[in-house]
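Respectively, the protein sequence lines represent chains A and B. Everything in the first sequence is counted per this note's numbering, starting at 1 for the first residue and increasing by one. Everything in the second sequence is counted per this note's numbering, starting at 1001 for the first residue and increasing by one. Glycine included, every Cβ here is placed at the ideal spot set by N, Cα and C. Everything numeric in this text was worked out from a predicted model, so none of it was measured.
2 protein chains.
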Amino acid sequence: MKTIIGIIGLGLIGGSIGFSLRKFNYNVIGFDFNKKNSDCALKIGIINKIVSFQDLIKISSIIILSIPVDEIIKILNNILNKVNKKQVVFDTGSTKYSICKSIISNKNRGRFVASHPIAGIENSGPQSARYNLFYRKNCIICDKKLSDPDALLTTNKIFNILKMNVSYMESKEHDIYISYVSHLPHVISFVLSRIIFKKFLYNKKKFIKIIGNGLISTTRLSKSSSDTWTPIFLDNRDNLIDTIHLYINFLKSFNNLLLEKNIYKIHKYLKKYNINKIINDINYE
Amino acid sequence: MKTIIGIIGLGLIGGSIGFSLRKFNYNVIGFDFNKKNSDCALKIGIINKIVSFQDLIKISSIIILSIPVDEIIKILNNILNKVNKKQVVFDTGSTKYSICKSIISNKNRGRFVASHPIAGIENSGPQSARYNLFYRKNCIICDKKLSDPDALLTTNKIFNILKMNVSYMESKEHDIYISYVSHLPHVISFVLSRIIFKKFLYNKKKFIKIIGNGLISTTRLSKSSSDTWTPIFLDNRDNLIDTIHLYINFLKSFNNLLLEKNIYKIHKYLKKYNINKIINDINYE
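1. My understanding is that A/Ser222 touches B/Ile1275, with C-beta atoms under 8 Å, so please give their C-beta distance in whole angstroms.
2. Of the choices B/Cys1040, B/Asp1235 and B/Val1113, whose alpha-carbon is the least far from that of B/Ser1098?
3. So A/Ser167 is in the beta strand (DSSP E); what residue range does that whole segment cover?
4. Do you know offhand how far A/His116's Cα is from B/Ile1208's?
5. Within the same chain, show all residues whose beta-carbon is closer than 6 Å to that of B/Lys1205, passing over the 5 residues directly before and after it, in chain order.
6. Going along the chain, which residues of its own chain have a beta-carbon closer than 8 Å to the beta-carbon of A/Asn156, five neighbours each way excluded?
7. Let me make sure I understand the geometry here. Which of A/Tyr180, A/Tyr131 and A/Tyr177 has the alpha-carbon closest to that of A/Met164?
8. Of the residues B/Phe1233, B/Lys1145 and B/Ile1073, which one's Cα is nearest the Cα of B/Val1187?
9. Given a threshold of 16 other Cβ atoms within 10 Å of its Cβ, counted over all protein chains shown, does B/Gln1054 qualify as buried or as exposed?
10. Under 9 Å Cβ-Cβ, which residues of chain B neighbour A/Leu152?
11. In the structure shown, what three-state DSSP assignment does A/Ala151 receive?
12. Within 8 Å (strictly less), CB to CB, does A/Asp346 reach chain B?
13. Less than 8 Å between CB atoms is the rule here; does B/Pro1185 satisfy it with respect to chain A?
14. Report the rounded CA-to-CA distance for A/Tyr243 versus A/Cys139, giving the unit in angstroms.
15. Taking A/Lys36 as the reference, which of A/Gln127, A/Leu133 and A/Ile248 has the closest Cα?
16. Flag B/Phe1134 as yes if its beta-carbon sits less than 8 Å from any beta-carbon of chain A, otherwise no.
17. According to the neighbour-count rule (16 or more other Cβ atoms, all chains shown, within 10 Å of its Cβ), is B/Ile1247 buried or exposed?
18. Using CA coordinates, which residue listed in B/Ile1216, B/Asn1077 and B/Tyr1168 is at the minimum distance from B/Lys1101?
19. In the DSSP assignment, the beta strand (DSSP E) including A/Leu270 goes from what residue to what residue?
20. For the beta strand (DSSP E) that B/Ser1115 lies in, which residues bound it at each end?
21. Report all residues from its chain with a CB closer than 6 Å to the CB of B/Asn1239; omit the five preceding and five following residues, and keep chain order.
22. Along chain A, in chain order, which residues have C-beta atoms closer than 7 Å to that of B/Thr1218?
23. A/Ile29 and A/Gly45 - do their beta-carbons sit closer together than 8 Å?
24. Would you decide whether B/Ile1103 is buried or exposed? Buried here means 16 or more other CB atoms lie within 10 Å of its CB.
25. Fully enclosed by the region 1201 to 1257 of chain B, which beta strand (DSSP E) runs are 3 residues long or longer?
26. Across which residues does DSSP place B/Phe1031 in a beta bridge pair?
27. A/Lys261 touches chain B at which residues, Cβ-Cβ below 9 Å?
28. Below 9 Å on C-beta distance, what does B/Arg1130 contact in chain A?
29. Under 8 Å between the Cβ atoms of A/Ser182 and B/Gly1214?
30. What are the partner residues of A/Asp91, as DSSP defines its beta bridges?
31. B/Gly1214 CB to nearest chain A CB: under 8 Å?
32. Applying a beta-carbon distance threshold of less than 7 Å, which residues of chain B neighbour A/Asp281?
33. Name the DSSP bridge partner or partners of B/Ile1049?
34. Buried or exposed for A/Tyr168, going by 16 or more other Cβ atoms inside 10 Å?
35. For the putative contact between A/Ser193 and A/Thr219, defined by C-beta atoms under 8 Å, what is the C-beta separation to the nearest angstrom?
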């Protein structure tokens, strides 16, 4: 009998997982709280069948939760209460600590694997799903000691099929790091987008004339779904507030260099201490 | 006789102009203060010939200045003093006000056209030049009333060959707008890059595991050349300091929404007031 995989949430991430697994001949069933999404997912071939939430929990060997992080927290205990010792549940949320904390005393905690495939793009919905979304992207599995070895193995197998680079971290640590490399960039992009909106809303003609690629790439993330990102920002609020504070202080320091007209230090700032240096170092090591 | 076009500065922008104009059979000669750049430019076919600075000024019908803005200001008066009433000079600098101000009393002011082809990418040097860099990108010509009509016409012709969308602005206005849509995004990207550098310099293994596309696109601009961007930031310093201040205030407001856990307002912030709204409006108009 074919393994049945049940995906809850058929947006960009859930949809892309569905596409990939169907290519490998899995039987993929799905449920979305938004009927339009599940209808679209069935139509474009993300899933073999739409089922009810209850049926999905009952008949899936592997249950994948690709819904906003606040919704995961709302339903995860309920799902774990219903699964048996052979079923595996994993999520794809962008924060991990509060999800793991919410099920710490659940008797079936071991059946859950806290996962974060880092593969989001600015587009959302099943219509944006693509089978190669995860190719060679990072995936972090958190608090692996709290998952049963077989559940971990099964989840790993799925991410291997998606061709992801899997590694492990504590959930608390994950949330701190991800606030730097993902949540802060999103905030930066949304806030930049808002300033531009304010400056050019009543002057669109000027905007069309002066816009360039630099702005396009720096505001790319601001196209991301507010339904996905509001819960992420709130869930990782404490880390994110710290990170934004730090970023503001760094901006102030840079502004001070401008006020001082410190050519030497500005030149050094732009040239030396940046991400490309780390990436080069990694490539040479 | 073929029109001779002389390019001073054979990096990304100057080099890409050379490639494009040679495709249209112009005789393109070049000079770069860095001999390595001119040798490379000749070798890869950006220019037909390397000439001395003095010869370039003497024999070119059109002189294009693609060097950092502070260097333009240093040599522009000198160049204009030497040109005749048939020669045209235009620049490609990212700021316009101080360049225009520096030559306001030059007797040959009319031979100069202050231009900003908004087409830079994060890579620099002649080796990054490409003939289609300018395709359908914006180009702003500033203070056009101060240029002789024939000089304006000639410059426009070149930008038309490069397939750019040319429009006009006052130089002061240009520098304010560009501080929002280009200089601020560059600062944001450089500063983000610096934070990530600081956080992960001694923890590169974690960095490799957790990096994703969001960070890559938001820090793309931080790969830009410090030789190009230090003078731009300093030249547009007053506008940029104001813009960074405003950005810091916007970040603080966003942080306040997080502190208040204001789900409704955060959701609205992310969804409504951003650049994509303006772009959609433009597309529907």
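With the given structure in hand:
1. Going by Cβ atoms, the distance from A/Ser222 to B/Ile1275 rounds to 6 Å, so yes, they are a contact pair.
2. Looking at the Cα atoms, B/Asp1235 is the closest of the given residues.
3. Residues Asn165 to Met169.
4. Answer to the nearest angstrom: the Cα atoms are 15 Å apart.
5. Apart from sequence neighbours up to five positions away, no residue of its chain approaches B/Lys1205 with a beta-carbon distance below 6 Å.
6. Apart from the 5 residues on each side of it in sequence, A/Asn156 sits with its Cβ closer than 8 Å to the Cβ of Ile141 and Val166 in its chain, given in chain order.
7. Closest in C-alpha terms to A/Met164, from the list A/Tyr180, A/Tyr131 and A/Tyr177, comes A/Tyr131.
8. With distances taken between CA atoms, B/Val1187 lies nearest to B/Phe1233 out of B/Phe1233, B/Lys1145 and B/Ile1073.
9. The residue is exposed, with fewer than 16 neighbouring Cβ atoms inside 10 Å.
10. The contacting residues do not exist; A/Leu152 stays about 17 Å from chain B at best.
11. Reduced to three states, the DSSP call for A/Ala151 is helix.
12. Summary: the structure shown does not reach residue 346 of chain A, with chain A confined to residues 1 through 285, and so no result is reported for it.
13. Answer yes: the Cβ-Cβ gap between B/Pro1185 and chain A drops below 8 Å somewhere.
14. Residue identity check: residue 243 of chain A is Thr in the sequence provided, not Tyr. Rounded to whole angstroms, A/Thr243 to A/Cys139 spans 22 Å at the Cα level.
15. Of the listed residues, the one whose Cα sits closest to A/Lys36 is A/Gln127.
16. Residue-level contact by beta carbon fails for B/Phe1134 and chain A, as no gap is shorter than 8 Å.
17. The sequence given here places Tyr at residue 1247 of chain B; Ile does not occur at that position. When all chains shown are included, B/Tyr1247 counts as buried.
18. Minimum Cα distance to B/Lys1101 is reached at B/Asn1077.
19. Looking at the DSSP string, A/Leu270 is not in any beta strand (DSSP E); the run it does join, the alpha helix (DSSP H), is Ile263 to Lys271.
20. First-last of the beta strand (DSSP E) with B/Ser1115: Phe1112 to Pro1117.
21. Taken in chain order, the residues that qualify are Asp1175, Ile1176 and Ser1179.
22. Those within 7 Å of B/Thr1218 in chain A are Pro185, Ile188, Ser189, Thr218 and Leu221.
23. Against a cut-off of 8 Å, the Cβ pair of A/Ile29 and A/Gly45 comes out as no contact.
24. With 16 or more other Cβ atoms within 10 Å, it is buried.
25. Counting whole runs of 3 or more residues, the region 1201 to 1257 of chain B contains no beta strand (DSSP E) stretch at all.
26. Looking at the DSSP output, B/Phe1031 sits in a beta bridge with B/Ile1008.
27. The contacting residues are Leu1234 and Arg1237.
28. By Cβ distance, chain A contributes nothing, its closest Cβ being about 13 Å from B/Arg1130, past 9 Å.
29. Yes, they are a contact pair.
30. Residue pairing for A/Asp91: DSSP places it in a beta bridge opposite A/Leu65.
31. True, the Cβ-Cβ gap to chain A drops below 8 Å.
32. Correct list: Lys1204.
33. In the sequence as presented, Ile is not what sits at residue 1049 of chain B; that position holds Lys. Paired residue(s): B/Ile1029.
34. Flag for A/Tyr168 reads exposed.
35. In this structure A/Ser193 touches A/Thr219 by the C-beta definition: roughly 5 Å separates them, less than 8 Å.
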